[in-house]
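Structure record follows, encoded as structure tokens.
2 protein chains.
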Amino acid sequence: MNQKIFVSAKEVADRAGVSRSAVSRTFTPGASVSEETRRRVMEAAEALGYHVNHLARGLMRNESGLVCLIVSEMDTPYRSSLIRAISHQLQAVSKIAMLINTDRSDKSVDDALRLAISYRADASIILSGMPDKSITDLCVKSGQRLVLINRDEEREGALMINLNDREAAHRAFIAFQRAGCRRLAFANSDVGTPSLKAREEGFVAAAIEAGVEVIVERFGPTRYQSGVILAQRLLTREARPDAIFCANDLLACGVMDTARHQFKLTVPDDICVIGFDYIEQCSWSSYDLTTFAQPVDQIAKEAVSWLTHPAKTDSIASQISPELVWRGSVRGG
Amino acid sequence: MNQKIFVSAKEVADRAGVSRSAVSRTFTPGASVSEETRRRVMEAAEALGYHVNHLARGLMRNESGLVCLIVSEMDTPYRSSLIRAISHQLQAVSKIAMLINTDRSDKSVDDALRLAISYRADASIILSGMPDKSITDLCVKSGQRLVLINRDEEREGALMINLNDREAAHRAFIAFQRAGCRRLAFANSDVGTPSLKAREEGFVAAAIEAGVEVIVERFGPTRYQSGVILAQRLLTREARPDAIFCANDLLACGVMDTARHQFKLTVPDDICVIGFDYIEQCSWSSYDLTTFAQPVDQIAKEAVSWLTHPAKTDSIASQISPELVWRGSVRGG
DNA sequence: TTGTAGGCGTTATCAA
DNA sequence: TTGATAACGCCTACAA
Chain A
1 MNQKIFVSAK
11 EVADRAGVSR
21 SAVSRTFTPG
31 ASVSEETRRR
41 VMEAAEALGY
51 HVNHLARGLM
61 RNESGLVCLI
71 VSEMDTPYRS
81 SLIRAISHQL
91 QAVSKIAMLI
101 NTDRSDKSVD
111 DALRLAISYR
121 ADASIILSGM
131 PDKSITDLCV
141 KSGQRLVLIN
151 RDEEREGALM
161 INLNDREAAH
171 RAFIAFQRAG
181 CRRLAFANSD
191 VGTPSLKARE
201 EGFVAAAIEA
211 GVEVIVERFG
221 PTRYQSGVIL
231 AQRLLTREAR
241 PDAIFCANDL
251 LACGVMDTAR
261 HQFKLTVPDD
271 ICVIGFDYIE
281 QCSWSSYDLT
291 TFAQPVDQIA
301 KEAVSWLTHP
311 AKTDSIASQI
321 SPELVWRGSV
331 RGG
Chain B
1 MNQKIFVSAK
11 EVADRAGVSR
21 SAVSRTFTPG
31 ASVSEETRRR
41 VMEAAEALGY
51 HVNHLARGLM
61 RNESGLVCLI
71 VSEMDTPYRS
81 SLIRAISHQL
91 QAVSKIAMLI
101 NTDRSDKSVD
111 DALRLAISYR
121 ADASIILSGM
131 PDKSITDLCV
141 KSGQRLVLIN
151 RDEEREGALM
161 INLNDREAAH
171 RAFIAFQRAG
181 CRRLAFANSD
191 VGTPSLKARE
201 EGFVAAAIEA
211 GVEVIVERFG
221 PTRYQSGVIL
231 AQRLLTREAR
241 PDAIFCANDL
251 LACGVMDTAR
261 HQFKLTVPDD
271 ICVIGFDYIE
281 QCSWSSYDLT
291 TFAQPVDQIA
301 KEAVSWLTHP
311 AKTDSIASQI
321 SPELVWRGSV
331 RGG
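First to last, the sequence lines map onto chains A and B. Here the first sequence stands for residues 1 to 333, where the numbers follow full-length UniProt numbering. Here the second sequence stands for residues 1 to 333, where the numbers follow full-length UniProt numbering.
Here's what the structure looks like:
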């Protein structure tokens, strides 16, 4: 069964009446081959169905063309749009994404990076979790490029792309104030990843600075269902909040639906809501959510261009300020 | 810079005081190595940070461990959940997904398959588009396994997993009839992929058989925005439909939102809606959509288990009947 | 511009 | 159980 019959460069060479090297050169951009030789080689290759063996090529060149994408919960709207953008950018520079599914544990991220090393991946892009320093050091030492997206932790030799979560949270607070909201709340998941924490801290800090109190509620993963629970907890309080900043859009959707359908509240009249991520669903007319836009394409471009450009060896941090997209879930604006 | 310094089996062997073969055997499951040798090798490997080079291993074994996933519009909820399920299943059998982003053209699918051949992928799984027969033949001839999901076209030597779209559409018709709907409509995209066509044809056929007329409207890609347009077209007709079967859930969401917010209709009292796919958003309380569930996990399992098991050489077709998940967008039930 | 020779890191084979 | 040796398919000098 597993008798894979691939045609090798030698066979092409024989058929074209040239040497193996000539075949190799034909498929190496910028190598010196005569027009005539190239033509004959291409003809033979076409006829035989020859394809350069990227495994063998990677072995020689020490460059596999593979880039490892490490993600958990990849079917989440924000994640999947980021994956799409990154894989698109990678293909534009003739690289290809190896997708690795991790659970929330950092151990599984370590394993993923080990796999990346085994496949001699040119780079690894980490969207979820935080690997151990020893393993990232090994990656970097092996010449692998490392990109950490929204990980908010330092790693030597890596590119770190982070959003300015605190500043964004501050702007959310101001938006609520302008809308005349009095009783602010922050709805967070309880997974406690750095960026989620930063959003909460930034929001609370801004409020304290202004002498305003904030209710913070945390529950579950950053999903719709958690938003439902969070809304139930927040909206049954004695002093019902009239503004909720949600750690991400999925939570916001759950919060809005619950506020409307279960508590018969009107958005934005009774309660204002702001989210984070800019997932497509939030533009649907059932939500029309004011939210911070993660610039997915920009993130992908920065990551990939750094992979291809020979950058400095010391680590680089990139700070991006997400744009606040005004829609109908906040009064005024 | 690009000076990748990887530690090889030889270095490990030297440090452990054994031969390269011993190292190789240590990392080959089921090979015969003494406990003592294994221990010393592992120790040296650990100290040096050795990782088996999968590129070289793939070269020898003629088995790369790579499986090519060919998808377009991968950030769509249904697609991303399928990708997640498949990559998860692949990892369970120690394979790894190479993700390839294609646009709608079949040409790019051909290119993707060429890439799969170049990387000596053990298999390719096609979720979008339909490649040329010549290229799939080459894949199969090269010993690559081929899986076509919802492609509805025959390819020699491939596993074809299809949903029974016609039968599902028939059940949708019956559901509407039981709900007492009189004026039926089908909302489709105009991209005309086989499964979308089949759903339309099945629905229309069922209606004709029962002597009922159906309005069919087609527009744009299978996205929310198309649903908005389709609803506008359908709901401004003289004889406004009181039941709409949508080719997929995203269309259904757009249709429902538009019916409610723009036309002030009530679901399911004024109009019943059925979707297709079972994306998470449809369970949100703003939609609560009755829909056909694509058994994503089952599809993934079937695909991956076929890859690993040495199956017959002739092509195999698998027909799956999607379950109708009853929710609040259809009366009665 | 072309061909020859050697090596990349691994595994399979075979003899010890 | 172990070690030497020959592939795997390719690329890169080097010499012609």
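For each residue, glycine too, the CB sits at the ideal point set by N, CA and C.
With its beta carbon at least 8 Å from every one in chain B, M160/A lies outside the interface.
Residues of the stretch 243 to 267 of chain A with a C-beta less than 7 Å from any C-beta of chain B: C253, D257 and H261, listed in chain order. Spatial neighbours of P268/B in its own chain (CB-CB distance under 8 Å, excluding positions within 5 residues in sequence) are listed in chain order as A179, G328, S329, V330 and R331. When Cβ-Cβ separations below 8 Å define contact, M74/A makes contact with chain B.
The contact set of Y224/A on chain B, defined by CB atoms closer than 9 Å, consists of E280, Q281, S283 and W284 in chain order. Excluding five sequence positions before and after S108/A, the CB atoms of its chain that fall closer than 6 Å to its own CB belong to T102, given in chain order. Counting only Cβ-Cβ distances below 9 Å, V52/A has contacts in chain B at S118, in chain order. Around Y50/B, the same chain offers V7 and V12 as residues with beta carbons nearer than 6 Å, after the five sequence neighbours per side are excluded. Under the three-state reduction of DSSP output, M74/B falls in the coil class, being neither helix nor strand. Considering only L250/B, P77/B, I117/B and A112/B, the residue with the shortest C-alpha distance to G58/B is I117/B. When DSSP assignments are scanned along the stretch 111 to 135 of chain B, the uninterrupted stretches of beta strand (DSSP E) that are 3 or more residues long and fall wholly within it turn out to be 123 to 126. For N150/A, no chain B residue has a Cβ inside 7 Å of its Cβ, as the nearest lies near 17 Å away. With fewer than 16 neighbouring CB atoms inside 10 Å of its own CB, D132/B falls in the exposed class. Assigned with DSSP and collapsed to three states, S189/A falls in coil, not helix or strand. Chain A has no Cβ within less than 8 Å of the Cβ of M42/B. The C-beta of W306/B has 16 or more other C-beta atoms within 10 Å across all chains shown, which makes the residue buried. In this structure, the CA atom of S21/B is about 11 Å from the CA atom of V41/B. Separation of the CB atoms of V67/B and R79/B is rounded to 17 Å, and the pair is thereby denied contact status at 8 Å. Look at Q91/A: its C-beta is under 8 Å from a C-beta on chain B.
L99/B reaches chain A at S87, A97 and L99, counting residues in chain order whose Cβ is nearer than 7 Å. Assigned with DSSP and collapsed to three states, L69/B falls in strand.
Per DSSP, reduced to three states, the secondary structure at I5/B is coil, with no helix or strand assignment.
In the DSSP assignment, R145/B falls outside any alpha helix (DSSP H) and lies within the beta strand (DSSP E) extending over R145 to I149.
Cβ neighbours of E280/A within its own chain (closer than 7 Å, five residues either side excluded): P77. In this structure, the straight-line span from the alpha carbon of D106/B to that of I126/B is close to 11 Å. Between S315/B and N162/B, the CB-CB gap reaches or exceeds 8 Å. The alpha-carbon separation between L146/A and L69/A amounts to approximately 10 Å. DSSP links S318/A through a beta bridge to I161/A.
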